[in-house]
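Residue numbers for the sequence shown follow the working numbering, beginning at 160 and rising by one.
Okay, so here's the structure we're looking at.
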Amino acid sequence: MPDTPDGELMVAAARGDPAPFEVLVRRHTGPLLGFVRRLVGDAHRAEDVVQETFTGVWRVRDQFRQTHSFKPWLYKSALNRCRDLLRKRPDPAPTTEAELVSEDDGGPIAAAVAVETSALVLAAVDRLPPYQRAVVLLRVWEGLSYGDIGFALAVTETTARSHMHHALGALRVALRRLD
């Protein structure tokens, strides 16, 4: 079952079998938690959002259609919960550079440069408007296609591309000012 595609697992889960859904939860919890954490800026709230997302997906599992893959459907659910949370508390706390930087064989100087660069990029991403920030996170960190991003954000693919274009422009300006 670990090699089974997400869509097939979700179809089996839609029939009421919890075992395939458990595989999906294990497979997607880590990446989804990282994504939600970057959006809401709070690790504890992110854990709550992820738990609520999976609970909600289980409740509406019979509505899953394989016209889109499972991941955008899951992220759409998480984004809706993030929007609700951010309406109550609109300014997410900045993401820490340690959340973005992975260990590197380049030694302490390379690690220090990577941490500093990551901090600058994360600060710039955190200042983006919500839709632009979501598109950047979904495209760069989660690797979703623009079509899947459009589905997750309930916008057209063209609008998702437009948000990315504007986000990249804003990031260029913000990072150029920091040079």
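Just so you know, even glycine gets a beta-carbon here, dropped at the ideal spot from N, CA and C.
Buried/exposed call for residue i, threshold 16 Cβ in 10 Å
i, result
"V286", "According to the sequence displayed, residue 286 carries Arg and not Val. Classification for R286: exposed."
"Q225", "exposed"
"H203", "exposed"
"D243", "exposed"
"K230", "buried"
"D263", "Confidence at D263 is low in this model, with a pLDDT of 47, below 50, so the placement of that residue should be treated as unreliable; the coordinate-derived value is given next. Flag for D263 reads exposed."
"T254", "Any reading at T254 needs caution, since the residue's pLDDT is 48, under 50, leaving its predicted position unreliable; the model's value is listed next. It is buried - the Cβ of T254 has at least 16 other Cβ atoms within 10 Å."
"G175", "exposed"
"T315", "exposed"
"T343", "No answer is possible for residue 343: the residues shown for the chain start at 160 and end at 338."
"T317", "exposed"
"A257", "With a pLDDT of only 46 at A257, under 50, the local geometry of the prediction cannot be trusted, and the value read off the model is given with reservation. Its Cβ having fewer than 16 others within 10 Å, A257 is exposed."
"A178", "exposed"
"R298", "buried"
Integer Cβ distance of residue i from residue j, believed to fall under 8 Å
i, j, result
"L327", "L198", "Not really, about 18 Å apart at Cβ, beyond 8 Å."
"G166", "S236", "Not confirmed; about 16 Å, so no contact."
"R292", "V280", "Wrong, their Cβ atoms sit about 12 Å apart, outside the cutoff."
"D221", "A173", "5 Å"
"E301", "F194", "6 Å"
"A319", "L312", "6 Å"
"R240", "E211", "5 Å"
"V209", "L183", "V209 to L183, Cβ: 13 Å. No contact."
Residue span of the alpha helix (DSSP H) that contains residue i, given as start and end
i, result
"A313", "It is not in any alpha helix (DSSP H) - A313 carries neither H nor E in the DSSP assignment."
"G215", "202-218"
"E167", "165-173"
"T188", "177-199"
"P289", "289-295"
"D243", "229-247"
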